Amino acid sequence: MAKPADTRIAGRKPAAKATPKATRSAAETEKIRAALAARRDELRAEYDQTLSEITELQRDRLTDSAGDDQADTGTKTFEREQEISLANSIRERITQVERALERLDEGGYGWCERCGNPIPVERLAAFPSATLCVTCKQLEERR
């Protein structure tokens, strides 16, 4: 006996679940919003501080580069790339938190963007800007 074909197409989201999403109280929503906003503000301050340090280090490198050999130049280039990578990582985390705030406003916070199932509270506690449930995140990381 043949099995029914899977009607889902790779890359498309499955249809939303028929069960209604549980709603949070206004107090819970505000508590989450405050925590996310505080995290965003911390990250912005860290990002601004990192950019300030990068600018200062660049200025110091320009005035202190006379007589550098190839190894010194290579080391300075590597350090600069590391600093820029750190700043980009912080910027990405800011974007994730801002997206979580948008999802909170839209009513989608705490629900997996891929399968529509609730994201476990433990996962949200550990990673408040999570957009995927554990199962979907594991599948994404395997690709």
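Numbering (my numbering), first residue to last: 24 to 166. C-beta atoms are modelled at their ideal positions from N, C-alpha and C, and glycine is treated no differently. Quick caveat: nothing in here was measured; it's all calculated off a predicted structure.
Endpoints, the alpha helix (DSSP H) within which residue i is located
i, result
"Thr-158", "157-165"
"Asn-111", "93-129"
"Arg-146", "144-149"
Rounded separation between residue i and residue j - CA only
i, j, result
"Arg-116", "Leu-66", "7 Å"
"Cys-159", "Arg-146", "13 Å"
"Glu-51", "Ala-57", "10 Å"
"Ala-136", "Ala-61", "The question names Ala, but residue 136 is Glu in the sequence shown. C-alpha separation (whole angstroms): 24 Å."
"Pro-143", "Glu-129", "19 Å"
"Glu-164", "Ile-55", "27 Å"
"Leu-74", "Ala-123", "24 Å"
CB contact flag (residue i, residue j, <9 Å)
i, j, result
"Pro-151", "Val-120", "yes"
"Arg-103", "Arg-82", "no"
Burial state of residue i (16 or more Cβ within 10 Å)
i, result
"Leu-59", "buried"
"Arg-155", "What sits at residue 155 in the sequence shown is Leu, not Arg. Buried, by the Cβ-count rule."
For the stretch 68-76 against the stretch 99-113, are there 3 or more C-beta pairs whose distance is under 8 Å? Touching, yes, given that three or more Cβ pairs across the two stretches are closer than 8 Å.
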